[in-house]
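Engineer: Residue numbers (our numbering), protein chains in the order written: chain C, 534 to 714; chain L, 404 to 574.
Glycine included, C-beta positions come from ideal geometry on N, C-alpha and C.
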Amino acid sequence: MGLEEKAGDLGIVTTTLEGLVNWGRTNAMWPMLFGLACCAIEMMSAQAANYDMSRFGMELMRASPRQSDLMIVAGRVSRKMAPVLRRLYDQMPEPKWVIAMGDCASCGGVYNNYAVVQGVDEIVPVDVYVAGCPPRPEELIDGILQLHRKVRGEKIDQRITDAPIRVDHLPRDRGSLKPLG
Amino acid sequence: MLDRATLTSRVSAQFPSVILGDESGDLVLTVGRSHLLQVAGWLRDDPDLDFTFLTNLCGVDYLGREPRFEVVVHLTSISNKMRIALHIGIPENDPTIPSLTRMFPTANFQERETYDMFGIIFSGHPGLERILMPEDWMGYPQRKDTPLGYEEVAFTHNEDWVYANKPFAKE
Numbered sequence: 534m535g536l537e538e539k540a541g542d543l544g545i546v547t548t549t550l551e552g553l554v555n556w557g558r559t560n561a562m563w564p565m566l567f568g569l570a571c572c573a574i575e576m577m578s579a580q581a582a583n584y585d586m587s588r589f590g591m592e593l594m595r596a597s598p599r600q601s602d603l604m605i606v607a608g609r610v611s612r613k614m615a616p617v618l619r620r621l622y623d624q625m626p627e628p629k630w631v632i633a634m635g636d637c638a639s640c641g642g643v644y645n646n647y648a649v650v651q652g653v654d655e656i657v658p659v660d661v662y663v664a665g666c667p668p669r670p671e672e673l674i675d676g677i678l679q680l681h682r683k684v685r686g687e688k689i690d691q692r693i694t695d696a697p698i699r700v701d702h703l704p705r706d707r708g709s710l711k712p713l714g
Numbered sequence: 404m405l406d407r408a409t410l411t412s413r414v415s416a417q418f419p420s421v422i423l424g425d426e427s428g429d430l431v432l433t434v435g436r437s438h439l440l441q442v443a444g445w446l447r448d449d450p451d452l453d454f455t456f457l458t459n460l461c462g463v464d465y466l467g468r469e470p471r472f473e474v475v476v477h478l479t480s481i482s483n484k485m486r487i488a489l490h491i492g493i494p495e496n497d498p499t500i501p502s503l504t505r506m507f508p509t510a511n512f513q514e515r516e517t518y519d520m521f522g523i524i525f526s527g528h529p530g531l532e533r534i535l536m537p538e539d540w541m542g543y544p545q546r547k548d549t550p551l552g553y554e555e556v557a558f559t560h561n562e563d564w565v566y567a568n569k570p571f572a573k574e
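(1) Taking Cβ positions, are V476 (chain L) and I500 (chain L) nearer each other than 8 Å?
(2) Give me the Cα-Cα distance between A443 (chain L) and A607 (chain C), rounded to the nearest whole angstrom.
(3) Would you mind giving the Cβ-Cβ distance between I677 (chain C) and I632 (chain C), rounded to the nearest angstrom? I have them listed as a contact below 8 Å.
(4) Taking C-beta pairs closer than 8 Å, name the residues in chain L that K613 (chain C) reaches, listed in chain order.
(5) From which residue to which residue does the alpha helix (DSSP H) around V474 (chain L) run?
(6) Using a C-beta cutoff of 8 Å, does L466 (chain L) count as contacting chain C?
(7) Enumerate in chain order the residues of its own chain whose CB-to-CB distance from Q417 (chain L) is below 8 Å, with the five nearest sequence positions on each side excluded.
(8) Could you pull out every unbroken beta strand (DSSP E) segment of at least 3 residues lying fully inside the region 627-699 of chain C, listed in chain order?
(9) Assign T433 (chain L) to one of three DSSP states: helix, strand, or coil.
(10) Can you pull the chain C residues whose beta carbon is under 8 Å from the beta carbon of A567 (chain L), in chain order?
(11) Check for me: the beta strand (DSSP E) holding M604 (chain C) runs from which residue to which?
(12) Have a look at G552 (chain C) and A664 (chain C) and give me their C-alpha separation to the nearest angstrom.
(13) For the structure I just gave you, are there three or more beta carbon pairs, one from the region 453-470 of chain L and one from the region 426-433 of chain L, closer than 8 Å?
(14) Is there contact between the region 670-685 of chain C and the region 642-651 of chain C, where contact requires at least three CB pairs shorter than 8 Å?
(15) Quick one: is T504 (chain L) buried, meaning 16 or more other Cβ sit within 10 Å of its Cβ, or exposed?
(16) Ignore the nearest five residues each way along the sequence and tell me which others in P470 (chain L)'s own chain have a CB closer than 8 Å to its CB.
(17) With 9 Å as the limit, tell me which residues of the region 653-668 of chain C have their beta carbon closer than that to any beta carbon of chain L; keep them in chain order.
(18) Just curious, the alpha helix (DSSP H) that S578 (chain C) is in, first and last residue?
(19) Are three or more beta carbon pairs between the region 653-671 of chain C and the region 561-574 of chain L nearer than 8 Å?
(20) Going by C-alpha distance, which of L:S526, L:S502, L:K547, L:P508 is nearest M520 (chain L)?
(21) Would the region 460-467 of chain L count as touching the region 517-531 of chain L if we require 3 or more Cβ pairs under 8 Å?
(22) Is the shortest distance between the beta-carbon of Y647 (chain C) and the beta-carbons of chain L less than 8 Å?
(23) Closer than 7 Å by beta-carbon distance: list the chain C residues that pair up with G552 (chain L), in chain order.
(24) Just to make sure I have the definition right: I need the residues of chain L whose C-beta is within less than 7 Å of the C-beta of Q651 (chain C). Which are they?
(25) Between the C-alpha atoms of A648 (chain C) and G635 (chain C), what's the straight-line distance to the nearest angstrom?
(26) Tell me whether T411 (chain L) sits in a helix, a strand or coil according to DSSP, three-state version.
(27) May I ask you to list the residues that DSSP assigns as paired with R468 (chain L)?
Below, the structure written as structure tokens:
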């Protein structure tokens, strides 16, 4: 679709290696199963038929960190969970990205206390923060698309470490939000 | 089948030192910790009473009261369809209490949690370690004089200071 029309009968596409690699990385980005709390329900919903994350090649939630590229931290991280989370992050092969999904993973949310890590960025470097308590599946998908945009701009020899992207709320007016597909 | 009046009279005849009370229809025994094993063992082993199941065990911190801590144990008699509560007061300077784990196996994790949250030491417990908090965490979080823990929230007026002091992760 699209590509064939543009390429015509030539059967040849010219591109940069960087563009091709980043295109490959964005279109088969396997997230790791990391549902910790209620955000996981929204993440499951983003995976399911109504929102269908497999449109972006992300239908496979890997239970193993060795096979995943993206860690979606969905939920509050307790202090006891923190070393486990860091260990799983370290086990993921490069290149790897992290999305902090929801207020709790981004900054501790309502749990400003001794038991909960005040933002998962204290443990692992975060690429995209998705606000919301919990964020709607559209917001998570928006965060994923922002991450894709970031990955497409990366250099092949050196991963960009620029400022993380913050994803604001979608409009709460439900009338304007239509189910996709 | 056992009824409330019989249970009350049997307890007061067997243990005159135990104070009887009421908690939403269930009998409450306020027991000294030196008598705890004796009372709980009798409640479990007496064939008429048959309180064989420990439903729950937890701690309470009455800060400013003496004794400061209290351990609350609920026992259930399945054959009699009855519950009973034991309240055991524990002073702050010596927060120890005999463990019920050998008598009721369900007490095991609940005693560990009470130790974790209140620092009450259950002597005779087979493995008294923290269960919810990290092993190297200092203090007992549900004691009322423990600070809740607080990290400064960033606003426009203190954002620079907060982010300069926040322990961000490295790659």
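Structural biologist: On the basis of the coordinates in this document:
(1) Position 73 of the second sequence, counted from the start, is the residue given in the question as residue 476 (chain L). Position 97 of the second sequence, counted from the start, is the residue given in the question as residue 500 (chain L). Their beta carbons are not under 8 Å apart, which means V476 (chain L) does not touch I500 (chain L) by this criterion.
(2) Here residue 443 (chain L) refers to the residue found at position 40 when the second sequence is read from its first residue. Here residue 607 (chain C) refers to the residue found at position 74 when the first sequence is read from its first residue. The straight-line gap from Cα to Cα measures roughly 45 Å.
(3) Here the question's residue 677 (chain C) lines up with position 144 in the first sequence. Here the question's residue 632 (chain C) lines up with position 99 in the first sequence. With 8 Å as the limit, I677 (chain C) and I632 (chain C) qualify as a contact, their Cβ atoms being about 7 Å apart.
(4) Position 80 of the first sequence, counting from 1, holds the residue named residue 613 (chain C). Residues of chain L passing the Cβ test: L535, M536, P537.
(5) Taking the second sequence and counting its residues from 1, one reaches residue 474 (chain L) at position 71. Where V474 (chain L) is concerned, there is no enclosing alpha helix (DSSP H), although the beta strand (DSSP E) around it starts and stops at 472-480.
(6) Reading the second sequence from its first residue, position 63 is the one you call residue 466 (chain L). Judged by the 8 Å Cβ criterion, L466 (chain L) is not in contact with chain C.
(7) By 1-based counting over the second sequence, the position of residue 417 (chain L) is 14. Shown here for Q417 (chain L): same chain residues with a beta carbon closer than 8 Å to its own, the five before and five after excluded, namely W445 in chain order.
(8) Within the region 627-699 of chain C, the complete beta strand (DSSP E) runs of at least 3 residues are 630-634, 661-663.
(9) Working through the second sequence from its first residue, we reach residue 433 (chain L) at position 30. Three-state result, T433 (chain L): strand.
(10) Taking the second sequence and counting its residues from 1, the one referred to as residue 567 (chain L) is at position 164. Residues of chain C whose Cβ lies closer than 8 Å to the Cβ of A567 (chain L) do not exist; the shortest such Cβ separation is about 14 Å.
(11) As a working mapping, residue 604 (chain C) is identified with position 71 in the first sequence. Per DSSP, M604 (chain C) belongs to the beta strand (DSSP E) from 603-607.
(12) Taking the first sequence and counting its residues from 1, one reaches residue 552 (chain C) at position 19. Taking the first sequence and counting its residues from 1, one reaches residue 664 (chain C) at position 131. G552 (chain C) and A664 (chain C): Cα-Cα distance of roughly 30 Å.
(13) Touching, no.
(14) The region 670-685 of chain C vs the region 642-651 of chain C: no contact.
(15) Position 101 of the second sequence, counted from the first residue, corresponds to residue 504 (chain L). Looking at its Cβ environment, which holds 16 or more other Cβ atoms inside 10 Å, T504 (chain L) is buried.
(16) In the second sequence, the residue the question calls residue 470 (chain L) occupies position 67. If we look at P470 (chain L) and ignore the five residues flanking it on each side, its Cβ neighbours are G492, I493, P494, E495.
(17) Residues passing the 9 Å Cβ filter: V653, D654, E655, I656, V657, P658, V659.
(18) Taking the first residue of the first sequence as 1, we reach residue 578 (chain C) at position 45. Start and end: 572-580.
(19) By the C-beta criterion, the region 653-671 of chain C is judged to be in contact with the region 561-574 of chain L, since at least 3 inter-stretch pairs fall below 8 Å.
(20) Indexing the second sequence from 1 puts residue 520 (chain L) at position 117. Looking at the Cα atoms, L:K547 is the closest of the given residues.
(21) Three or more beta-carbon pairs separated by less than 8 Å link the region 460-467 of chain L to the region 517-531 of chain L, which places the two stretches in contact.
(22) Within the first sequence, residue 647 (chain C) is the residue found at index 114, counting from 1. True, the Cβ-Cβ gap to chain L drops below 8 Å.
(23) Within the second sequence, the letter at position 149 stands for residue 552 (chain L). Near G552 (chain L) (Cβ distances below 7 Å), the residues of chain C are N646, Y647.
(24) Counting from 1 along the first sequence, the entry for residue 651 (chain C) is found at position 118. In chain order: E554.
(25) In the first sequence, the residue the question calls residue 648 (chain C) occupies position 115. In the first sequence, the residue the question calls residue 635 (chain C) occupies position 102. The straight-line gap from Cα to Cα measures roughly 18 Å.
(26) Here residue 411 (chain L) is taken as the residue at index 8 of the second sequence, counted from 1. Look at T411 (chain L) here: in three-state DSSP terms it is helix.
(27) By 1-based counting over the second sequence, the position of residue 468 (chain L) is 65. DSSP lists no beta-bridge partner residue for R468 (chain L).
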